[in-house]
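All remarks here apply to the structure that follows.
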Amino acid sequence: MKWFLFLGLVAFSESLIMIPLQKIQPLREKLREKDLLRDFLETDPYYKIFKYFGIPQTADVSYEKLRNYLDLAYIGTISIGTPPQEFNVIFDTGSTDLWVPSIYCYSPACAHHNVFNPLQSSTFQFLGQPISLTYGTGSMKGFLVRDTVQVAGLAVVTQEFGLSIQEPGSFMNSAPFDGILGLAYPTISVHGTMPFFDNLWNQGLISQGLFAFYLTAQEDKGSVVMFGGVDPAYYKGELNWVPVTRPFFWQFTIDSISMNGKVIGCNGGCDTILDTGTSLVTGPHRSILNIQNLINAKHSYGGEYIMNCEAVNTLPDIIFNINGIDYPMPASAYIRKVRGHNEGKGICYSNFQATPGNLSQEIWILGDVFLRLYFSVFDRENNRIGLAPAA
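Mature numbering (1 follows the signal peptide of the UniProt record, and there is no 0) puts the sequence shown at residues -15 to -1, 1 to 376.
What follows is the structure, encoded as structure tokens:
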């Protein structure tokens, strides 16, 4: 099963609508990835990797290991309540709120995931305000509650979060995660609730008001999100800092996108969001179409673009210039190969995609395709993003 993940918020609450950012796109490659998924589930690389892989600890930094699900989503474990109940979540910089399924959820999706039982937590508090979160093709409806939430060995008391009672549609039936933990700014939180990271910071559980991601596709290493500090073992060289231009999402400015010295996108600058909850790189339709033409990607079924796999050896880097610094994306990053129907043959696809129609047509989103190349620091104290080549 293969799918593209967009975890930016579209709309939320019964009474408040904010800037849209689509989250989830349909599970398009289920059939052609069937063998790959079966192999993945049988070998269970999450446990294979971390059974033998110990993350080196740095003082004042708390680490949460992330499971790489087919290079499409990075999933970590949190616990809620007293005693703790565990959940697998997406740590999503493209949204703000935390939610997990509840025992009161009657949608089929909840039968396939961990559900929170308030009756088994001595620290649970019922708040009751209704919430509604919509993410592209996925959504949830539920109510607000409060309890202790633990991540990376850090316990936030009286954390407000959502419990789902309805998860319409079929997407969550197959999703490899139970819920979402948003890490964007509190300005877009539902009902003005205090997000998890803000409580982590305000309750003095971390020494610095920042968190960072190291995402990798390699099985001999482990992806990680770290809170309260930065571990230089995960990047090369120096961090380059980029100011946040709008404190809703982690939004900043790309100066230009170029190939072979020629600007192919963002001429004169463009607004961009760095989003751990998005799989690909998305941008305005016209700019993306130009890039697809330049890399000779052809439109195929479902809106994807198919490519000759040999192009990975001949196409040049695409350069993202951010705050005066070049960030190359090689062809090996913007072309993905999946198992084809014929034994020994493969099919390749472009990792560029047009921004969904419900978004501003000028916004770009740099997702996991970009983040696997560059270690990223999200600094709330100074409203800036740090980037450096991943180690």
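Even for Gly, the Cβ is constructed at its ideal location relative to N, Cα and C.
For T178, which residues of its own chain have a beta-carbon under 6 Å away from its beta-carbon, when the five flanking residues on both sides are left out? E145
Can you tell which of P69, I258 and D183 has its C-alpha closest to the C-alpha of L307? One detail in the question is off: residue 307 reads as Ile in this sequence, not Leu. Per the Cα distances, I258.
Hey, out of T299, Q135, Q338 and N293, whose CA is closest to P315's CA? T299
Pair within 8 Å by beta-carbon distance, I63 and Q151: no
Which same chain residues end up closer than 6 Å to V297 when comparing Cβ atoms and leaving out the 5 residues on each side of it in sequence? A316, S317 and I320
Straight-line gap, I276 to Q338 (C-alpha atoms, nearest Å): 10 Å
Sub-8 Å separation of A375 and R357 beta-carbons: yes
Quickly, what does DSSP pair H284 with across the bridge? List them, please. Y290
Could you compute how far the alpha carbon of D260 sits from the alpha carbon of G352? 5 Å
Need the endpoints of the alpha helix (DSSP H) that L148 sits in, please. No alpha helix (DSSP H) holds L148; the beta strand (DSSP E) holding it covers L139 to Q151.
Cα-Cα, which of K247, G254 and P232 is closest to S241? G254
Close beta carbons around V141, own chain, < 8 Å, minus the five adjacent residues each side: T133, V134, Q135, F181, N184, L185, Q188 and L190
Going by DSSP, name the residue or residues bridged to S208. L51
I273 beta carbon less than 8 Å from that of K283: no
Looking only at its chain, what residues have a beta carbon closer than 8 Å to the beta carbon of Q70, apart from the 5 residues adjacent to it on each side? S64, N99, F101, N102, Q105 and S106
Helix, strand or coil: how does DSSP classify T108 here? coil
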